[in-house]
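Novice: Read in the UniProt record's numbering, the sequence shown has 11 at position 11, and its numbers run on one by one without any break.
This is the structure I have questions about; it appears just below.
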Amino acid sequence: MAAPHLSLKGRALRYLSMREHSRLELGRKLARHAEEGDDVEALLDFLEKNNWLSQERFSESLIHRRSARFGNSRIMAELQSHGVKGEALQELKAGLADSELARAREVWERKYGTVASDPAERNRQMRFLMQRGFSQRAVKAAMQGRDPDDD
Numbered sequence: 001m002a003a004p005h006l007s008l009k010g011r012a013l014r015y016l017s018m019r020e021h022s023r024l025e026l027g028r029k030l031a032r033h034a035e036e037g038d039d040v041e042a043l044l045d046f047l048e049k050n051n052w053l054s055q056e057r058f059s060e061s062l063i064h065r066r067s068a069r070f071g072n073s074r075i076m077a078e079l080q081s082h083g084v085k086g087e088a089l090q091e092l093k094a095g096l097a098d099s100e101l102a103r104a105r106e107v108w109e110r111k112y113g114t115v116a117s118d119p120a121e122r123n124r125q126m127r128f129l130m131q132r133g134f135s136q137r138a139v140k141a142a143m144q145g146r147d148p149d150d151d
């Protein structure tokens with residue numbers, strides 16, 4: 001039996017019921033299914049007006065999903081790729097900066113747990129955390145095996 005044909009609005013609501021989407025991401029997904037005469041931008045405006053599509057909720061959701069595994073620079077890059085810009089991005093960055101040291105420490109402890117004994121191992125641990133998007137300050141504090149707030 002063939003799946004029923006969903007309207008563009010129905011498809012948008014189905015996507016949003018699964019998880020939060022950014023305006024840019026949802027627009028890209030809907031554009032693939034838009035037929036002649038469909039106005040994707042008008043639909044996105046309608047969804048935002050009715051608070052079904054929210055950039056703030058999307059940002060909070062993405063940060064919640066990614067913050068336990070990734071550093072600030074990686075999360076910020078992902079937010080930018082989803083179209084989050086300007087003052088909202090700066091506010092999110094300031095909020096993440098407070099917890100980056102603790103998050104780097106948790107990621108390091110889950111993966112390694114012991115301070116590196118030789119330079120090769122130290123470099124490997126450092127590369128791992130840097131690739132996850134943590135700042136050099138957070139990486140250094142995490143790899144020393146101490147709480148950075150003790151200073």
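Just so it is clear, CB atoms sit at the ideal spot from N, CA and C, and this is done for glycine as well.
Starting from the Cα of E36, find the closest Cα among E78, N123 and L8 and give me that residue.
Specialist: Here the closest residue by C-alpha is L8.
Novice: Going by beta carbon distance, what residues of the same chain come within less than 8 Å of H82, once the five residues before and after it are set aside?
Specialist: Around H82: S22, L24, E25, F58 and L62.
Novice: With a cut-off of 8 Å, do at least 3 Cβ pairs link the region 83-96 to the region 127-139?
Specialist: No: the two stretches stay apart, fewer than three of their Cβ pairs being nearer than 8 Å.
Novice: Going by beta carbon distance, what residues of the same chain come within less than 7 Å of R11, once the five residues before and after it are set aside?
Specialist: Answer for R11: L30 and H33, listed in chain order.
Novice: By Cβ distance below 6 Å, which residues in the same chain neighbour R19 in space, the five residues on each side in sequence not counted?
Specialist: If we look at R19 and ignore the five residues flanking it on each side, it has no Cβ neighbours.
Novice: Tell me where the alpha helix (DSSP H) around N50 begins and ends.
Specialist: Run containing N50: none; DSSP gives neither H nor E here.
Novice: In chain order, which continuous runs of the alpha helix (DSSP H) of length 4 or greater are located wholly inside the region 84-115?
Specialist: If we require 4 residues or more, the alpha helix (DSSP H) runs fully inside the region 84-115 come out as 86-97 and 100-111.
Novice: Reducing DSSP to helix, strand and coil, say where A68 ends up.
Specialist: Correct three-state label for A68: coil.
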